[in-house]
Amino acid sequence: MGDFDPSAPVIASAPVSRRIGVLGGTFDPVHIGHLRGALEVAESLALDELRLTPSARPPHRNTPQVSAKNRLAMVECAVAGVAPLVVDARELQRDKPSYTIDTLELMRGELAVDDQVFLLLGWDAFCGLPTWHRWEELLQHCHILVLQRPDADSEPPDALRNLLAARSVSDPLALKGPSGQIAFVWQTPLAVSATQIRQLLASGKSVRFLVPDAVLAYIDAHGLYRASN
Ligand code: ATP
5 MGDFDPSAPV IASAPVSRRI GVLGGTFDPV HIGHLRGALE VAESLALDEL RLTPSARPPH
65 RNTPQVSAKN RLAMVECAVA GVAPLVVDAR ELQRDKPSYT IDTLELMRGE LAVDDQVFLL
125 LGWDAFCGLP TWHRWEELLQ HCHILVLQRP DADSEPPDAL RNLLAARSVS DPLALKGPSG
185 QIAFVWQTPL AVSATQIRQL LASGKSVRFL VPDAVLAYID AHGLYRASN
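Last residue of the sequence shown? That's 233 in the working numbering, and every number before it is there in order.
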């Protein structure tokens with residue numbers, strides 16, 4: 005064995021932590037409100053990856069109007085070639101309700117301990133948090149970024165006030181460590197919802213420019229959301 009050489013260059017071995025965003029939703033269908041918000045957050049927070057995770061049987065809401073297969077295909081069309089947006093289909097592969105806490109635990113198991121995970125929630129989804137399965141554990145696995153929705157009420161529910169007082173930071177770029185804090189993020193206000201898009205399509209109207217052209221082509225090719233479906 006050779007002797008230790010103190011003049012030898014030190015090779016940095018500490019791995020750089022990754023920054024992973026997660027945006028869950030039914031995406032029934034995916035639209036510019038999701039996509040523009042996701043892209044803006046990914047760019048402003050310099051995320052390495054932002055995973056859009058379509059949910060299979062969402063525990064908190066009505067059954068999606070179109071199949072998981074079609075919703076997944078539309079999200080795939082929407083983000084194809086749009087780094088760092090990617091699709092994570094794991095919730096569609098589970099044969100049980102898609103709880104976000106389970107998804108985060110699985111993702112955490114695949115990441116390094118220092119990696120930062122940011123869960124993106126629109127304001128409406130954030131306000132519904134106290135009804136989520138094991139919601140108080142979410143911040144053990146991720147930071148939460150709240151996307152402002154222009155059509156949102158302004159007051160959070162009482163159950164979230166203490167959490168906000170204890171965990172929120174004013175600057176999303178100041179979120180430290182792998183998990184545990186909440187920040188509000190600005191995005192171009194787009195008062196678009198999947199409900200509105202389904203209603204437009206059901207009444208025979210166009211949704212052009214509310215969804216990417218590739219998603220529109222998929223909807224048309226498969227006759228989705230039209231009144232006869
Ligand atoms: P629906 O109208 O069917 O309830 P949606 O348009 O709210 O659907 P979801 O798939 O339920 O879409 O939303 C997934 C996530 O994206 C949620 O956290 C939601 O708050 C957020 N989101 C949806 N639309 C917007 C928007 N226009 N601006 C900001 N966030 C949004």
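C-beta: ideal position from N, C-alpha, C; glycine also. Keep in mind the model is a prediction, meaning the values are calculated, not measured.
Task: DSSP state of Pro176 mapped onto helix, strand, coil - done: helix
Open item on the list: If you measure between the beta carbons of Glu80 and Val91, is that distance less than 9 Å?
Closed with: yes
- [ ] Would you mind listing the alpha helix (DSSP H) stretches within the segment 40–79 that are 4+ residues and don't spill past its ends, in chain order?
- [x] none
- [ ] State yes or no: is the C-beta of Val196 nearer than 8 Å to some heavy atom of the ligand ATP?
- [x] yes
- [ ] May I ask you to report which of helix, strand or coil DSSP gives Phe31?
- [x] coil
Open item on the list: Does Val219 come out as helix, strand or coil in the three-state DSSP assignment?
Closed with: helix
Task: Between the CA atoms of Trp190 and Gly184 - distance to the nearest angstrom - done: 20 Å
TODO: Please say whether Ile36 and Leu215 have beta carbons closer to each other than 9 Å?
DONE: The residue you asked about is not Leu; residue 215 is Val in the sequence shown. Against a cut-off of 9 Å, the Cβ pair of Ile36 and Val215 comes out as a contact.
- [ ] Can you tell me which of the three DSSP states Gly25 falls into?
- [x] strand
Open item on the list: Looking only at its chain, what residues have a beta carbon closer than 6 Å to the beta carbon of Phe130, apart from the 5 residues adjacent to it on each side?
Closed with: Val150
Task: Arg75 burial status per 10 Å Cβ neighbour count (16 or more: buried) - done: buried
- [ ] Taking only the alpha-carbon atoms, compute the straight-line gap between Leu56 and Leu177 and give it to the nearest angstrom.
- [x] 21 Å
- [ ] Could you have a look at Gly126 and say whether DSSP puts it in helix, strand or coil?
- [x] strand
Task: Buried/exposed call for Thr135, threshold 16 Cβ in 10 Å - done: exposed
Task: Neighbour-count burial assignment, Leu96, 16 or more Cβ in a 10 Å radius - done: buried
Task: Endpoints, beta strand (DSSP E) assigned at Leu149 - done: 147–151
Task: Cβ contact (3+ pairs, closer than 8 Å) linking the segment 203–212 and the segment 44–53 - done: no
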